[in-house]
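This report refers to the structure that appears directly beneath it.
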Amino acid sequence: MTAARDGDFTKVPESGHGMVAELTAVFNQIMDRSVHFTSETRRVRRELVRHGRLDERLSASPGQGLWTSRVNDVNQLLDALVAPAANATRVLDAVAGGDLTQRVDLHDGTRQLRGDLRRLGRAVNKMVDQLSLFTGEVTRVAREVGTEGRLGGRAKVQGLSGSWRDVTEAVNTMASRLTAQVRDIAAVTTAVARGDLTRTVTVEATGELLELKLTVNTMVDQLSAFADEVTRVAREVGTEGQLGGRAQVRGVSGVWKDLTDNVNFMASNLTSQVRNIAQVTTAVANGDLSQKITVAAQGEILELKSTINTMVDQLSAFADEVTRVAREVGTEGNLGGRAQVRGVSGVWKDLTDNVNFMADNLTSQVRNIALVSTAVAQGDLGKKITVEAKGEILELKSTINTMVDQLSAFADEVTRVAREVGT
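In structure tokens form, the structure reads like this:
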């Protein structure tokens, strides 16, 4: 009994008879039940501590009464401790799986949790509430900025501290920086679209956004240089008349290089065409009708080329015909010649008609004068010059007609005197 009192549950060897034997048997049964309770307690503790098995419980006692009550009390104590922990574990597992809808039940059956167990449940529930609010705000900001394109949003989570506050501030800093960067880039690209090439992206940036910033600024610089060069070439060629200019834009590639090359090709083509046209028209002005525009051309420039070449052909034909008529009439004395220039109109037709009218007039006048002079030479004084004339030809006409009159009067007088004297 003393040993049992001191925690030694070793059974007593059975001996004796009668009352002693009965006492020994009862004592040993008490020891068995004490050992059972102790070993079960150790087993459950080992499973809980070493293996984390929260479902382990003491097996039923071989005894009755308080023996059974004691086992039941321990098991109920374990249930009361393990159930809230299991409930909290369930919620934490849900949180780990991304489910923030679960909460720790603060009631154990029909009674509320109290003390540390209640504080544990409330702490877990508060953590889940804050996580839910935090993720909701972060999701909202991410959706507004990343999906809907609504910049300027901020996560608003009250009551946070520590790492949760740091994460919220980091998200807001990210959203704020992204808003400033995107808006600055948008302002510059909008300015470019409206033809304003004076603005560049100035907002601070790192990583890929820094690369985008540098790319946009490089694009603006290249566009500005391209626009300046194109404007310079256009001003030199179109306003100042300085041909031969070329756009010089360094570092461009792709479509910008193609545009620069096209502008230079246009300027070079226009320079060649205008200089060839100027060369031919200068030659015409200097009396050289042997040159024509030979540069390749299309569209209205081709029409101008054809017009000038046609003009040169007509001028050349006109000059050749006028020269021929002048040579025939003035040098060779072949009257009756006419200038034949086909396809002319306007002033060129008027000039041709005037030359022909002059030739016709001169032919009529000279032939009439020749006719009268021949008649006089043949002794026929009955003819006079009747063709219309002006200027010196009119004076010649009057002189010859007067001469004919005087010769006729002289002949008449000589004939009269001769007749009177001789007859």
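Residue numbers (numbering that gives the first Met the number 0): 0 to 422. No residue lacks a Cβ here, since even glycine has one placed at the ideal position from N, Cα and C. Treat the numbers as computed from the prediction; the structure is a model and nothing was measured.
- Task: Return the chain-ordered list of same chain residues with a C-beta closer than 6 Å to the C-beta of valine 248, the five sequence neighbours on each side being excluded.
- Result: Ala224, Phe225, Glu228 and Thr259
- Give a yes or no on whether the C-beta atoms belonging to valine 365 and leucine 393 are separated by under 8 Å. no
- Task: May I ask you to verify whether the region 208-220 touches the region 231-241, counting CB pairs closer than 8 Å and requiring at least 3?
- Result: no
- The alpha helix (DSSP H) enclosing glycine 390, as first and last residue numbers: 390-421
- Within its chain, find whatever has a CB closer than 8 Å to the CB of arginine 153; leave out the 5 residues flanking it on each side and keep chain order. Val140, Asn171, Ala174 and Ser175
- Query: For glycine 390, which residues from the same chain have a beta carbon less than 6 Å from its beta carbon, with the 5 sequence-adjacent residues on both sides left out?
  - Reply: none
- Kindly indicate which residue of Val127, Val103, Ala186 and Met126 has the alpha-carbon position closest to the one of leucine 116. Val103
- Message: For the alpha helix (DSSP H) containing glutamine 129, name the first residue and the last one.
- Response: 114-141
- Message: Tell me the residue span of the alpha helix (DSSP H) that contains serine 372.
- Response: 346-376
- Message: Can you look up histidine 16 in the DSSP assignment and give me helix, strand or coil?
- Response: coil
- Outcome for aspartate 183 when other beta-carbon atoms lying within 10 angstroms are tallied against a minimum of 16: buried
- Item | leucine 380 to isoleucine 368 span [Cα, whole Å] | 13 Å
- Query: DSSP state of glutamine 297, grouped into three classes?
  - Reply: coil
- Task: Note down the Cα distance separating valine 73 from arginine 52, rounded to an integer number of angstroms.
- Result: 16 Å
- Item | Runs of beta strand (DSSP E) lying entirely within the region 197-254, each at least 3 residues, in chain order | none
- Message: By the DSSP assignment, the alpha helix (DSSP H) with leucine 177 in it spans what residues?
- Response: 161-192
- Message: To the nearest angstrom, how far is the alpha carbon of serine 13 from that of glutamate 21?
- Response: In the sequence as presented, serine is not what sits at residue 13; that position holds glutamate. Whole-angstrom Cα-Cα distance: 9 Å.
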